[in-house]
Amino acid sequence: MKKLLLVFAAALVMSCGDNKKEEKTEMKIGTQKSVEKEVTEDINADPNLAVITIEGNDQMKFNKSEIRVKAGQKVKLTLKHVGKMSEEVMGHNWALLTADADMATVGQAAALAKETDYIPADMKDKFIAHTEMIGGGETTTIEFDAPAAGTYTFLCTFPGHYALMQGKFIVE
28 MKKLLLVFAA ALVMSCGDNK KEEKTEMKIG TQKSVEKEVT EDINADPNLA VITIEGNDQM
88 KFNKSEIRVK AGQKVKLTLK HVGKMSEEVM GHNWALLTAD ADMATVGQAA ALAKETDYIP
148 ADMKDKFIAH TEMIGGGETT TIEFDAPAAG TYTFLCTFPG HYALMQGKFI VE
């Protein structure tokens with residue numbers, strides 16, 4: 028009886044192997060089967076243009092903490108708010124600070140600058156570029172020229188967000 032159970036168990040294990048089905052490809056004369064590939068780069072892309080997409084969410088996070096571009100390169104940056112909360116509750120923007128700007132000082136001043144879309148009017152010289160403030164489901168795009176080689180800080184200037192929503196903008 029034990030031998031019969033062992034044989035049955037072995038047969039069961041062997042029959043549960045690969046459940047691959049054979050795929051047959053039928054080819055007719057004069058036809059071609061095309062395979063679509065995911066294209067990650069546009070072969071005709073302009074080497075003088077950096078196209079960047081960054082997302083912000085309802086958890087106060089960007090999906091990127093580092094962005095790299097070349098000095099003097101035109102940058103086309105798109106910010107997508109992938110959350111659902113409104114601009115008044117969970118607004119996001121993307122702002123690039125100058126090399127000499129202090130992130131905490133700018134972030135604290137921005138929290139008091141609601142009337143100027145959280146970009147402090149007396150600190151505009153501390154910003155290289157910034158998007159408008161957007162809410163859940165919205166998208167905005169800006170274009171600017173990358174600054175000189177160096178490491179810069181990007182952040183969201185909505186009140187309190189800069190503590191979590193920040194990153195490095197590295198210009199090579």
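In the numbering used here, the protein residues as written are 28 to 199.
Virtual Cβ for every residue (Gly too), placed ideally from N, Cα, C.
Here V102 really is in contact with E170; their C-beta atoms are around 7 Å apart, less than 8 Å. Around the beta carbon of A137, 16 or more other beta carbons sit within 10 angstroms, so the residue counts as buried. Here G110 is buried, its C-beta having at least 16 other C-beta atoms within 10 Å.
For A156, the three-state secondary structure derived from DSSP is strand.
Residues V133 and A136 of the same chain have their beta carbon placed closer than 7 Å to that of M150, with the five preceding and five following residues left out of the count. The DSSP-derived three-state label of V78 is strand.
Shown here, Y189 sits in a helix according to DSSP, grouped into three states.
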